[in-house]
Amino acid sequence: MTVITIKAYRFMQSLTTLEERFKYLSLGGRIGEQTFGFDRYINQRFYTSREWRDLRHHVIARDNGCDLGVEGYEIHNGILVHHMNPIGAHDIANAEDSIFNPEFLITTSLKTHNAIHYGDATLLPKPYKPRQRGDTQLW
Amino acid sequence: MQTSILTSTKKTLGIDATYTAFDADIVMHINSVLATLNQLGIGPAQGFMIEDETAVWADFLGTDPRLNSVKSYVYLRVRLLFDPPTTSYLMESLNRQAQEFEWRLNAFREDTAWTDPNPIVVEEGP
């Protein structure tokens, strides 16, 4: 029996830190692993569709434009909306609910998105560290 | 719908109902948004304004549940005026959502209370 775990926003909400959410969403893929392959045109058509672009704004507004929806990690460049559960060409071709349901979507930065796919936690943004008296090292 | 317009908007902005330091600013922005809604044909024809937390949504909207999106619209517009986001992405997304609500409210109003801008006037001739 194969057990498939579906990741969802309502479960992720109970995790409060970026690291916890990253661990929950991490996919641990490999660099160079094929995703859409020759069906990439389907992927491109989907991500440029009106429906997707409208939904994307909804998700970014819900997450306050923050990385993985965690307050204090505002994204200033390169914002992405990530499917928590990887999608394939057949999901798009069949207009599966999971591809348009905000329950399975989350706002990320480009680096965090790469970290999720390749399991590299070093790519995660570092928390804000205020400078202190005698601190001679720049950021 | 006996919810105060001011208190519920403050709540969505993350301000406690008992904290009144920004009430004057928020009331001003809410009234600006209500004026926009009036131009869209939503709410009392003679206009509507609030002065404090006593005005409730039912005073403005009546009891039609199809107008519930007005509350979210007021929040979005007041947020953009009172506490604009620091990132352009979020600004764009909030604006897009507000514009969608505007479109939908306008479509609703056109559907239920459309007024012909060039009505046919029938006059009795001699």
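Top to bottom, those sequences are chains A and B. Counting in the working numbering, the first sequence runs from 33 upward without gaps. Counting in the working numbering, the second sequence runs from 1050 upward without gaps. Just so it is clear, CB atoms sit at the ideal spot from N, CA and C, and this is done for glycine as well. As the structure is a prediction and not an experimental result, all values here were calculated from the model.
Practice task
Output yes if chain B places a C-beta closer than 7 Å to the C-beta of Gly97 of chain A; else output no.
Solution key: Taking the first sequence and counting its residues from 1, one reaches residue 97 of chain A at position 65. Answer yes: the Cβ-Cβ gap between Gly97 of chain A and chain B drops below 7 Å somewhere.
Practice task
Return the CA-CA distance between Phe1131 of chain B and Asp1074 of chain B, expressed in angstroms with no decimal places.
Solution key: As a working mapping, residue 1131 of chain B is identified with position 82 in the second sequence. As a working mapping, residue 1074 of chain B is identified with position 25 in the second sequence. So the two alpha carbons sit approximately 7 Å from each other.
Handout entry: Touch test, the region 1075 to 1092 of chain B against the region 149 to 158 of chain A, Cβ-Cβ under 8 Å, three pairs minimum
Key = no
Exercise for the section: Could you confirm whether any beta carbon from chain E is found closer than 7 Å to the beta carbon of Tyr1138 of chain B? Expected result: Of the protein chains in the structure, A and B, none is chain E.
Handout entry: Nearest-angstrom Cα separation, counted from Arg1145 of chain B out to Pro162 of chain A
Key = Taking the first sequence and counting its residues from 1, one reaches residue 162 of chain A at position 130. Taking the second sequence and counting its residues from 1, one reaches residue 1145 of chain B at position 96. Each residue's Cα considered, the two are about 34 Å apart.
Problem - Helix, strand or coil at Leu137 of chain A [DSSP, three-state] - result: Working through the first sequence from its first residue, we reach residue 137 of chain A at position 105. It is a strand residue.
Practice task
Report the neighbours of Ile107 of chain A on chain B: residues whose CB is nearer than 7 Å to its CB, in chain order.
Solution key: Stepping through the first sequence from its first residue, residue 107 of chain A is reached at position 75. Result: Thr1136, Tyr1138.
Practice task
Look at the Cβ atom of Ser141 of chain A, then the Cβ atom of Asp99 of chain A, and state whether they are nearer than 7 Å.
Solution key: Counting from one through the first sequence, the residue named residue 141 of chain A turns up at place 109. Counting from one through the first sequence, the residue named residue 99 of chain A turns up at place 67. Yes, the Cβ-Cβ distance between Ser141 of chain A and Asp99 of chain A is below 7 Å.
Handout entry: Under 7 Å between C-beta atoms of Val1178 of chain B and Thr1052 of chain B
Key = Coverage of chain B is limited to positions 1050 through 1175, which leaves residue 1178 of chain B absent and any answer about it impossible.
Practice task
Go ahead and pull the three-state DSSP assignment for Gly106 of chain A.
Solution key: Numbered from 1 along the first sequence, position 74 holds the residue referred to as residue 106 of chain A. The question names Gly, yet the displayed sequence has Glu at residue 106 of chain A. In this structure, Glu106 of chain A counts as strand in the three-state DSSP scheme.
Problem - Distance between Ser1142 of chain B and Gly110 of chain A (C-alpha atoms, nearest Å) - result: For this step, residue 110 of chain A is matched to residue 78 along the first sequence. For this step, residue 1142 of chain B is matched to residue 93 along the second sequence. Cα-Cα distance, rounded: 14 Å.
Handout entry: One or two residues paired with His115 of chain A in a DSSP bridge
Key = Against the first sequence, residue 115 of chain A aligns to sequence position 83. For His115 of chain A, which the question treats as bridged, DSSP gives the partners A:Leu137.
Problem - Cα-Cα separation, Pro134 of chain A to Val91 of chain A - result: On the first sequence, position 102 is the one that residue 134 of chain A refers to. On the first sequence, position 59 is the one that residue 91 of chain A refers to. Cα to Cα, Pro134 of chain A sits roughly 6 Å from Val91 of chain A.
Practice task
Have a look at A:Asp167, A:Asn126, A:Val102, A:Lys55 and flag the residue whose alpha-carbon is nearest the alpha-carbon of Cys74 of chain A.
Solution key: In the first sequence, residue 74 of chain A corresponds to position 42, counting from 1. It is worth fixing the name first, because residue 74 of chain A is Ile in this sequence and not Cys. Ranking A:Asp167, A:Asn126, A:Val102, A:Lys55 by Cα distance to Ile74 of chain A puts A:Asn126 first.
Practice task
Tell me, please, whether the CB atom of Ser1142 of chain B is closer than 7 Å to any CB atom in chain A?
Solution key: For the purposes of this step, residue 1142 of chain B is taken as residue 93 along the second sequence, with counting starting at 1. It does: the Cβ of Ser1142 of chain B has a partner Cβ on chain A nearer than 7 Å.
Handout entry: Minimum Cβ-Cβ distance from Gln1146 of chain B to chain A less than 7 Å
Key = Position 97 of the second sequence, counting from 1, holds the residue named residue 1146 of chain B. At least one chain A Cβ lies under 7 Å of Gln1146 of chain B.
Practice task
With a cut-off of 8 Å on the beta carbons, I'd call Leu112 of chain A and His145 of chain A a contact; round off their distance for me.
Solution key: The count along the first sequence starts at 1 and reaches residue 112 of chain A at position 80. The count along the first sequence starts at 1 and reaches residue 145 of chain A at position 113. Sure, about 5 Å apart at Cβ, within 8 Å.
Handout entry: Spatial distance of Met1050 of chain B from Met44 of chain A (CA atoms)
Key = By 1-based counting over the second sequence, the position of residue 1050 of chain B is 1. By 1-based counting over the first sequence, the position of residue 44 of chain A is 12. Any answer about Met1050 of chain B is weak, because its pLDDT of 49 lies below 50 and its placement is not dependable; what the coordinates show is given next. Going by the C-alpha atoms only, they are around 32 Å apart.
Problem - Cα-Cα separation, Thr1152 of chain B to Leu1055 of chain B - result: Along the second sequence, one-based indexing puts residue 1152 of chain B at 103. Along the second sequence, one-based indexing puts residue 1055 of chain B at 6. Note that residue 1152 of chain B is Trp in the sequence shown here, rather than Thr. So the alpha carbons of these two residues sit roughly 24 Å apart.
Problem - Leu47 of chain A vs Tyr56 of chain A beta-carbon contact at 7 Å - result: Position 15 of the first sequence, counting from 1, holds the residue named residue 47 of chain A. Position 24 of the first sequence, counting from 1, holds the residue named residue 56 of chain A. The answer is yes: Cβ separation under 7 Å.
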